[in-house]
Structure formats: C-alpha cells, structure tokens
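This report concerns only the one structure given below.
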Amino acid sequence: MRGDVWVVLPLACLAAGAFAVYLVARLLTSRNDLLALLTALVFAAALVALVPLQITTGVEHLPAWGHFGPGGAFLRADPGALVVAGVALGLGLLVTLYSGRYLALDHRYETYYPLLLLLMTGLVGMVMAADLFNLYMFCELMSVAAYVLVAFRRRLDTAIEAGFKYLVMGSVGTVIILLGISFVYREMGTLALSPPLSPPMGGMKGGGAWTRAGVACFLVGLGIKSAIVPLHTWLPDAHGRAPSSISAMLSGIIIQSAFYALLKVSLGLGFPARDLGALLIVLSLLNMTLGNGLALVQTNTKRLLAYSTIAQMGYIMLSIGVGLRYGVPGAIQAGFFLLLAHAVMKGLAFLCQGVCHFYCDATLIADLRGTAARMPLVAVAFSVALAGLAGVPPLAGFTAKWFILMGILRSSDALGYVGLAAFLLNSLLALGYYLPLIGTLFAPPSSPPMGGKERGREGRQPPPPAPPPTPGEGRGRTASPPELGGTEGGRIRVSPWMAVPIVALGALVLAIGLYPGPWLDWTADVGVYLLAASASR
Amino acid sequence: MTSALLLTTLLLPLVAGALLPLCRGRQTKHAGKVAAAVVALALACVVGLLVALRRGETPALAVAWIPTAGVQFALRLDWLAFPFLLNVVAVSLLAAIYGWGYLHVDARLPAFYALLLFFMGGMAGTVLADDLFLFFVFWELMLVASCALIAVWGEGDQAGRVALKYFIFTQVGSLLVLIGLIALYVLTGTSSLTQLRAAPPVLDPRWATALVTLFVVGFGVKMAVFPLHTWLPDAHSVAPMPVTVMLAAAMLSMGVYGILRFPLSIFDPSLLAGFSLPLMIAGVVSQFYGALMALAEEDIKRIIAYSSVSQMGYALFGLGTLSQPGLAGAAMHMVNQGIVKALLFMGVGLVMRGTGRRRISDLGGLRHALPLTAIGSGVGALAITGSPPFCAFHSEWQIFAGGFQTPHTVVAILAVLAPALTAAYALWFIRRIFLDPRPEGLEVGVPPLAMRVPFALLAFLALAVGLYPAPLYDWVTRGVLVVTGGGW
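Given below as structure tokens:
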C-alpha cells in the first residue's frame, strides 16, 4: 500500500470513534451529555485531520491512498470531497453538541452517537472514494446508518413508517447502483475512477454501451439518494418524523454528498460535461418548481423545510449544471458555495425547530406562534436562517444567489436563460412561505394567522382572549419531562447545549454573507477539478 | 476628513440601530430621543459634506471586501447623490421627531426606532454606494426594514398580508434590478460605479436595450408608477405614520435616483432615445391615474398615497424627456415632493390623531378646532398643485420645460394639464376636511406637540424653498452634469 496515509486519518478517526463511543456507552456511562462531548471530540479530531489534506490538495496532485496501477487508488481527497467532508464534519460537531440536550426526550444514547459517527464515516468515505467498490461500500454504510437514525423514535409508528420508506427507496437505489457497477466492470475490467489530467487506466475510454448503461444506473441510484425529483418522495416523510438533529444532517449534507458522488462518478466514467450539464439544468427546473410549489401548501414545519431543501438542491444543481454545460468554473464554485451556505442555514433552521419542539411541542407552523416572546434567541436565529434561505442580503443565501446569477449570465444558449427565468421566479415563489413563517414566529400566540384565510371561518370574529401561560404544563401530545427548565412569565430558558450551536450557526450565516472571500476560495478549486475530470476524457 | 464624515453618515445610524434593542425597562422611553439625536448627527455630517462638495472635492472611500469578485466597500458622494441624501436624512429626522408624539411607549419602542434607523441607513447607503454589490445590499436593507416596520406596527388586521404583498411586489422590482446589475458586471468586468462612469461600456444594442428595460421596470416598481404601483396604496395606508412619511417622501425617490444613476449615467444617449416617448407617456398616465384615484378615494391616507403615484408620474415624465431641464426638474421634484408629501401625510396624521377618524365623509369643519393643521395642509395642497410661491412650482416648471424641448408636444401638453386634476383633488381634500360644515358628534382633541412641530417646520420649508430655490437649483444642475457629462 502506498500513498498519503493522511487521507485515511479522518476516516480512521471517525470509525474508531464510533466503536469507542459505543464501548464507553455500554461499559462506563450512559449519560447523554458525556457521550455527546465524547462524540464531539471525535468530530473535532477528524476535522483537524482534514487540515493537512486541504493544504496539500491541488488539481495536479491529489492526496490519495491505495494501490496505484490497474487496481486504482482507494481514496482520493479531491477538492470537492474536502469541501463536502469539511462541511459535514463541522455540521456534525454542532449537531452533536445540540443533541447533548435535545436527546433528553429519547433514551438510546448508546445507539445514537455511534450511528452518527458511522454515518459520518460512510459520508466522508463516499466522497473520498476513488473506485466504485469503495464508493458503494461507504454509500451503503452511510445509508443504513441514516435509515436507522431516521426511524430512531421507534415508539412512534409514523417514524418507523418514514424510516421504512427511506429504507425501501434507498435500497432500490443501492441495488441499481450495484447493477451499474456490474455494467461498468463488464466493459472496463476495472472499477477505478482515474483522477483528472492523468492517462486513463486499463484502456478505459468511456462511451461504450455498457458504460453508458452503467452511468444511467448511477444517475438513478444516486439520484434517489440525493432526492432529485421525481425520486424525492422519501425526503419529506423522513424529515417530518426524524429527530431534528438528524433532519439537520439529512438536509444539510447527506443528500448533497450523494449528489457530489453522482457528479464524480458520471464525469469519471466519461459522461460528457455538456450533456450532464444539460441534464442537471432540466432536472433542476423540476426540483425548484416542485420544491417551492409544494412547500407553499405545507402546514408541518419540518415538511416545509424538507421541500425547501428540494428547491435549494434545485438551485445548486442549476448552478453546477450551467458550469458544466458552458465550461464556467465560477458557476460550479457558486454551486458549492451555496451547498456550504445551505448546510449552515438549513441546519440552523432544523435545530431551531427542534428547540421549539423540545420546549413547546411545536410541530405545525401554527404552533410556532409566540416563539419570539418565549424564546427570543431562537426566534431571531430561526428568522436569520429563513431570511438567509430566502436570499435577503447581507446573509449567506444572498451572496450565493449573486454568484450563481453571475455564473448563469455567462451561459451561451437558451437553456441557461430558461434556467435563469426559473431561478428568479422560484426565488419569488419561495418568499411566499419563508416570509409568513418568519411572521408566525413573531406573532403573538392567539392572533389570526398571517397571510391567508383561516379555513372554516367566515367573516371576522374578534380573536378569543389569550389564556395566561401556565408554567410546567405539558401540551398533551408527548408529556414534557419534568427536568425541563421552568418558565418564568412565559420566557423559557434554552439550554446552552442547544443555544451555543444555534448562535454559532447564526453567526456563521452572517459571516459567510458579509465576508464570503475565504469560503469562495475554499470552493474555488472544485469547479476546475470537475471540468478537468471531464476534459481529459 | 471627508471620508470620515461619509462613513459616519452611513454607519452611525446602522450601529445605533443595532444597539438600540438593548434598551430595557426604564430606558425604552428614551429610544426615540436617541434615534432622533443620531439622525441629527447624520444631518450635521451631511452639511459638512456639502461644504466639502462646494470646495470641489468628491468625498469617497473604498475598502476591499470580496477580492475574488472585485467587489469593494466603496462609498462616494457626488452632486447627483447629494440632494437625495439630504432629502433622506432630513425626512428621517422629522419622521423620528413625529414618532415621539405618534407612538405609544412600550417594550417594542426601541425595536421600532432601530428598524427606522436601519431603514434610513439603507436609503443613505443606496445613495452613497459606489459598487454594484453594495448598492444592492443597501437597496434590500431598505426593503427589509420597511417591511418589518409595516408587518409589526402596521395598523389594522391586514398588516401581515399587506407587508407580504409589499415585500413580494417590491422584490420583483429588486430582482429585475439585480439581473441588470449582475449583467452589467459580467459584461463590463467591473463592479465599481466610478469605473463604469469613467469608461462607459460599449455594448451590443440588444443587450443595452434589455438592460435599460430591466433597470427602468425594476426602479419603476420602487417609484410606484402605473401599472407597477399597486403595492403603494395599501402599504402607505397600513404603515404607521412616521414610516409612511419616510416611504412616501424618501423611499420613492430612490427609484428616481436609480434611474438617474444606472441607465441614464452609464449608457450613451443614442441608446436611450427609444425609451423617451414610452417613459413620457407612462409618466402622463401615472399623473392622471393617481389624480383620478385620489379623487375617488374615501380614506384620507389613501388619498395622499395616490397623490404620490401622481407625483411620481411627473418625475417619470421629466426623466423621460432626456433633456437637461427635465432631468434637473425630476431630481428637484424629489426634494420638493419630499417636503410636501411629508407635510401632507403629517397633516393627515394630525387629523387622524385629533379626531380618531379616517374617512373623509366623516370629517369636516376642522379649521377652527385644528387651525395649525388647516393652515399647514392648505400650504401642502397648494404646493402640490405646483402653484407659486411654493417649492413644487420650480420643479414642475423645469419638468414641463424639458417636455417642450422634446418633439412630442402633444404628450407635453397633456402633462401640463395634469396639475388641473391635482388641484381638483388637493383643494377638494382641503375643503372637505377643513371648510365644510362639521358633522354631528365629531370630537376633536389637540394632537401632541411632537407631531405639530415638524409639521409646522415643513410648511415653513415649503414656502422658504419656494421663495429661495437658488441653492436647490444649483445642486441639481450640477447633479445633472454628472449624469450627462455635459454632452447632452
């Protein structure tokens, strides 16, 4: 085995950490906060392990590990993989700290934290995989961990149903991927994805019928895992039932990592960039329109955020598609910048929703009324996340929008302009659900809902007088555990385990928006790398 | 020194706005005083900047912000921007003082003034920005702050819906402007307005036409000209009065500034010639439409709101003439309209506070009970019809002179006829509220002093600027030179 051993270090850290945390949980302690701290340490160590890879990477020489020659490298830390892995580990760290309190309602901590670490192992391995077998193995690891985590609240049958749906659809995707691998192997004789700017190995030319069939299988299989319309139907259900910390990971980085794998595999197997770009633009139109359209009619907050993710994935796909089709690295860079910004904003949104669920048992949008009075920090942070997603300056979403538009305006034929028109219309459409949600957060608890007619009410009636808040009273659906903080005069004190990640993410949304330079530099190489990967075919 | 003044004018309100919500408990009642003091300081800085401008300097400031995209945090004050800046800051000061009397003191007061300061900061930043990205950031800040003010402090139970409609409608305009800005950046490779002016882009005529259309329509939404005006009556009538004053007197002029700064400054007149007639016609249609709707309305705040649509029609007509007096008149009209519109809305607010009523058919005979309001509103009504010796006479004269310099005489004649309708609704407004017999059961109380003082000051200004318009003439003439570069 030759190559840079540094490449394995993050993976080894995460995998070993998973086992270590499980052993600690079984043998030493099953306290939520200690396990959360330990898991957070593992994430931090893995993040530190990424740093030397980031320093040495470049399109000409990528740190890789494994056999060279016909067997190919096993792992390769290309620029896109580093961006995705970095975002994933950062988000995972904050989500773990958040779970230190959030998971008080669910009790199987010795299952949760190791599974989260295994999920991350699978994710980082999948984006760094340099051959199809490893890609498949890590993808499976990530997916299975995700299925279990989605169904984590196994006492609720709806959670089991959502997890099962995800499992079935995900497994169909996996089988199709396996089929694709077999097609590719039949033609190529090797499973390696060669790096850009180096001669193809094993006579791999790409373009034969079997390879094309294989690429099609990958597009469908990985498309299911990245919730591309019309293969997205598992996502809203999974989000609606999973714990909010898992939803944050799912929407924030899991589907995006599957999408990156899709890009790498298709380009690495010889799918021409122009055609992949055109396909992505067309698919993005579906994603954007369906995501925004269905989000408008949702009443459950987490399902609304799930559809919003589908729409935002549409924007990412549009930008990357334009970059691939017209050879604009800046557009791909903008797409990955939005991927990063979206992970932060959507993660923040889900974590805030989780806090509202934890203290006030809020699942519907209407339940969020009065949040500003009870938990002003959460209301402001949630509004920052939503305003960022809506593209309001000076937040991260607007900066991403600016750079995406800059990329799209360099298109040279009509398809790009169709995408542009759809992007603008969808930005407007999305305001129709982001803004009322912000308004609901700041609305007093019993006033009429904003922005629409109330169902079943004809004519105006004066709103009933608000009942005085009674501290400590549960809302009826799931009993609030007695160890929750008391409410003095309606104000709820949010635990620091949850407040600190929320404040950190909120500050990050503002920082990325106001000072995007370093983040843009981080994502700059990805466009060059992906275009080089296709050009050398 | 001047760049320090520039930075203070912009950043002081924004920083103060960010810190104001930290007021708690007994400090909340001082929030209004603090906000007004901050705006007064900004006004002092603007006067200092005027001194610098008169010496021939151009206060400017540029700091690198996003080097990968060539975006800078760049501010610049030239003669074009100056009247607009002065208008924004002065109107905001008077609105803040008006708010002392208008708003009830409660725990949310610091948040109101914080958003008011952000609103003002957004407008000031729009006018001062010398970079495309920065311009748009402040443009949106203006929108977000005003929308939040309408959503939370709006009057009536439709406040939330109106705020949503306002946001979405204005966002359509903003998105068109955004595409225009980004296209300009992509085509010219620079994000700096100074560089764009120094080296006007040579573009394919189709691209240029598309860009000018985008800018005109996008800024037209903000100007609320027909048929892009439908957000205005609802937003103005639902918003609390200090916000309405700022919306009508200062924010609408941002659209005019945008049109002056972007399509007119950057592109060659030959590219713009095709837009002249459509803009003039659109202006005339707005003039008549606004005036007719003002005649038809019952709610006194909506009457003045439609009057804004009509006045913006005058400005659009002036812009469309593409002539020196037309452009100068349009810019001057923004300042005059700022004075007069603020005056009229404050008068309406005094009537509403004094009587508790909003419908014009429920009002009448208030000239004895509210004498100051009657005189001030009378001044405002006469001013808005463009009659001497009040301020709007000068700007309307310039606009019509510009109209007759174009070959489209018929349109210009129609434009000159519009003041007749303006007089109709304005004078009928005064007659119905103040001169007609008083209806039964109309109780009148005296409005607070803090609401009456800015009102009186504006009435005085309307007369003073009308009698001594020389400084204003001087400023806008130099401003138009910036646009035309002496070449038109």
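Note that the protein sequences, when read in sequence, are chains A and B.
Going by my numbering, the first sequence opens with residue 22, and the numbers climb by one from there.
Going by my numbering, the second sequence opens with residue 2, and the numbers climb by one from there.
Ideal Cβ placement from N, Cα and C applies to all residues, glycine included.
Among the candidates the options, whose CA atom is the shortest distance from the CA of residue i?
i: A/Phe292; options: A/Val189, A/Thr232, A/Leu252, A/Ala417; result: A/Thr232
i: A/Thr392; options: A/Gly511, A/Tyr328, A/Arg431, A/Gly351; result: A/Gly511
i: A/Tyr328; options: A/Thr254, A/Gly348, A/Ser516; result: A/Thr254
i: A/Tyr281; options: A/Tyr43, A/Leu256, A/Gln354, A/Gly111; result: A/Gln354
i: A/Phe19; options: A/Ile274, A/Gly194, A/Arg52; result: Chain A is shown only over 22 to 558; residue 19 of chain A falls outside these bounds and no answer can be derived.
i: A/Phe173; options: A/Ala263, A/Ala70, A/Gly348; result: A/Ala263
i: A/Val116; options: A/Gly527, A/Pro539, A/Leu452, A/Pro522; result: A/Pro522
i: B/Val380; options: B/Thr407, B/Thr410, B/Pro206, B/Ile340; result: B/Ile340
i: B/Arg55; options: B/Thr3, B/Leu95, B/Val39, B/Gly161; result: B/Thr3
i: A/Gly375; options: A/Val28, A/Asp152, A/Arg122, A/Ala545; result: A/Arg122
i: A/Thr322; options: A/Gly356, A/Phe358, A/Leu407; result: A/Leu407
i: A/Met396; options: A/Ala66, A/Val236, A/Val524, A/Ala151; result: A/Val524
i: B/Val213; options: B/Val239, B/Ala125, B/Phe435, B/Phe276; result: B/Phe276
i: B/Pro390; options: B/Val106, B/Ala465, B/Ser147, B/Ser238; result: B/Ala465
i: A/Leu283; options: A/Leu398, A/Ile337, A/Leu243; result: A/Leu243
i: B/Val336; options: B/Leu323, B/Met347, B/Gln312, B/Gly350; result: B/Gln312
i: A/Leu531; options: A/Glu182, A/Gly409, A/Trp518, A/Leu450; result: A/Gly409
i: A/Leu137; options: A/Asn313, A/Phe64, A/Leu436; result: A/Phe64
i: B/His237; options: B/Gln288, B/Val257, B/Lys302, B/Ala199; result: B/Lys302
i: A/Leu156; options: A/Phe419, A/Ala180, A/Phe95, A/Ala464; result: A/Phe95
Can you tell me where the alpha helix (DSSP H) holding residue i begins and where it ends?
i: B/Ala61; result: Where B/Ala61 is concerned, there is no enclosing alpha helix (DSSP H), although the beta strand (DSSP E) it sits in stretches over 61 to 67.
i: A/Asn447; result: 435 to 463
i: A/Leu140; result: 130 to 149
i: A/Asn53; result: 53 to 77
i: A/Met396; result: Element bounds for A/Met396: n/a, residue is neither H nor E.
i: A/Asp25; result: Run containing A/Asp25: none; DSSP gives neither H nor E here.
i: A/Arg174; result: Element bounds for A/Arg174: n/a, residue is neither H nor E.
i: B/Ile414; result: 410 to 431
i: A/Asp296; result: 294 to 316
i: A/Cys34; result: 30 to 48
i: B/Tyr258; result: 253 to 260
i: B/Val213; result: 206 to 224
i: B/Cys46; result: 32 to 55
i: B/Tyr474; result: 471 to 485
i: A/Arg233; result: 230 to 246
i: B/Val244; result: 242 to 247
i: B/Phe268; result: Counting along the chain, B/Phe268 falls outside any alpha helix (DSSP H), and DSSP gives it neither H nor E.
Could you please give the first and the last residue of the uninterrupted beta strand (DSSP E) stretch that includes residue i?
i: B/Ala75; result: 72 to 77
Going by the C-beta, is residue i closer than 7 Å to any heavy atom of the ligand FMN?
i: A/Leu252; result: This structure lacks the ligand FMN; in fact it carries no ligand of any kind.
Per DSSP, which residues does residue i bridge with? Please list them.
i: B/Arg360; result: B/Asp300
i: A/Arg97; result: A/Ala85
i: B/Ala130; result: B/Leu76
i: B/Ser193; result: B/Asp132
i: A/Asn321; result: A/Leu385
i: A/Pro152; result: The sequence shown places Asp at residue 152 of chain A, not Pro. Paired residue(s): A/Ala213.
Around the C-beta of residue i, are 16 or more other C-beta atoms found within 10 angstroms, so that it is buried, or is it exposed?
i: A/Thr320; result: exposed
i: B/Val447; result: exposed
i: A/Ala554; result: buried
i: A/Gly69; result: Correcting the residue type first, residue 69 of chain A is Val in the shown sequence and not Gly. With fewer than 16 other Cβ atoms within 10 Å, it is exposed.
i: B/Leu20; result: exposed
i: B/Arg25; result: exposed
i: B/Phe137; result: buried
i: A/Lys422; result: buried
i: B/Thr10; result: buried
i: A/Phe40; result: exposed
i: A/Glu475; result: Note that A/Glu475 scores 34 on pLDDT, short of 50, meaning its location in the model is unreliable and no value can be drawn from it.
Using Cβ-Cβ distances below 8 Å, what residues of the region 425 to 457 of chain B are close to chain A? none
Which residues, in chain order, does the region 168 to 197 of chain B contribute to contact with chain A at a C-beta distance below 8 Å? Phe168, Ile169, Gln172, Val173, Leu176, Leu179, Ile180, Ile183, Ala184, Tyr186, Val187
Interfacial residues, the region 533 to 545 of chain A to chain B, with Cβ spacing under 7 Å: Pro537, Gly538, Leu541, Asp542
Of all the residues that make up the region 156 to 167 of chain B, which are near chain A by a beta-carbon distance shorter than 8 Å? Using a CB distance below 8 Å, the part of the region 156 to 167 of chain B facing chain A consists of Asp158, Gly161, Arg162, Ala164, Leu165, ordered along the chain.
Members of the region 34 to 47 of chain B that neighbour chain A once the beta carbon cut-off is set at 9 Å: none
Please list, in chain order, the residues of the region 264 to 288 of chain A that have any C-beta partner in chain B closer than 7 Å. none
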